[in-house]
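Q:
In the working numbering, the protein residues as written are 271 to 508.
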């Protein structure tokens, strides 16, 4: 009996790991939304995966919850938003993806019935089969709010798309992030960094000081030079 139980547990663990370790790049997704709180979040956290999925024939949309209105000291919200919209457009051009702006305000994001509805409407209109967003245990309030809004939309939609969480400056921002999915970004890491550098107003060299070591560390975990890492919630099987 003990032997049977041991074999059963071992089999479940193996099957569970195989089920969890989906590589989004070659999983056959047709349309992906990457939903970040600010311009540069998607690029820094998952830009390599965005590029690779686009290269493999997936339609990729980079969604920004805010326009980064509070992100440039000395600039008004309108001035900062105008600058950052130009930067994100250039970053998306480099990655070959389509940008989509939502209506929340950087540093003043909200969770309420209207904001839940807005997120669900964006996702239902775009009809993705996979969505990527922030890990919910994060020191940045906007990141947490973005993550919760996306999670609620996933549930309200009937879990009709796979949901991946990415990390942001782990150790300083993302907490308790234990990835189960890795994407080798070795072939396109320079293009990812080129896209990130388009966000000149955000001192992208400082962002890379955190994310470059993360890429190397996740690469070591997954036996390549550089990788991006994710946690995953599966859609309800149809």
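Glycine included, every Cβ here is placed at the ideal spot set by N, Cα and C.
Among residues of its own chain, excluding the 5 on either side of residue 418, which ones have a beta-carbon nearer than 7 Å to its beta-carbon?
A: Within the chain shown, the letter at position 148 stands for residue 418. Same-chain partners within the cutoff: 381, 406.
Q: Kindly examine the ligand PLP and report whether one of its heavy atoms sits closer than 7 Å to the Cβ of residue 495.
A: This structure lacks the ligand PLP, and indeed carries no ligand of any kind.
Q: What does a CB cutoff of less than 6 Å around residue 447 pick up in its chain, not counting 5 residues either side in sequence?
A: In the chain shown, residue 447 corresponds to position 177, counting from 1. Taken in chain order, the residues that qualify are 405, 437, 440.
Q: Just how far apart, CA to CA, sit residue 244 and residue 471?
A: Past the edges of the chain, shown from 271 to 508, lies residue 244, and the structure says nothing about it.
Q: Can you give the Cα-Cα distance for residue 509 and residue 452, rounded to whole angstroms?
A: The structure shown has nothing for residue 509, since the chain only spans 271 to 508.
Q: For a minimum of 4 consecutive residues, which ranges assigned as the alpha helix (DSSP H) are wholly contained in the region 392 to 464?
A: Entirely contained in the region 392 to 464, the alpha helix (DSSP H) runs reaching 4 residues are, in chain order, 411 to 426.
Q: Just the C-alpha distance for residue 318 and residue 461, rounded to the nearest angstrom, thanks.
A: On the chain shown, residue 318 is found 48 positions in, with the first residue counted as 1. On the chain shown, residue 461 is found 191 positions in, with the first residue counted as 1. Each residue's Cα considered, the two are about 8 Å apart.
Q: Looking at C-alpha atoms only, which residue of 410, 374, 340, 428 is the closest neighbour of residue 397?
A: Looking up residue 397 in the chain shown gives position 127. Nearest C-alpha to residue 397: 428.
Q: Shortest alpha-carbon distance to residue 305 belongs to which of 390, 378, 384?
A: Numbered from 1 along the chain shown, position 35 holds the residue referred to as residue 305. Minimum Cα distance to residue 305 is reached at 390.
Q: Going straight from the alpha carbon of residue 313 to that of residue 388, what length do you get?
A: Translated into positions along the chain shown, residue 313 becomes position 43. Translated into positions along the chain shown, residue 388 becomes position 118. Each residue's alpha carbon lies about 23 Å from the other.
Q: Note down the Cα distance separating residue 355 from residue 469, rounded to an integer number of angstroms.
A: Taking the chain shown and counting its residues from 1, the one referred to as residue 355 is at position 85. Taking the chain shown and counting its residues from 1, the one referred to as residue 469 is at position 199. Their Cα atoms are separated by approximately 10 Å.
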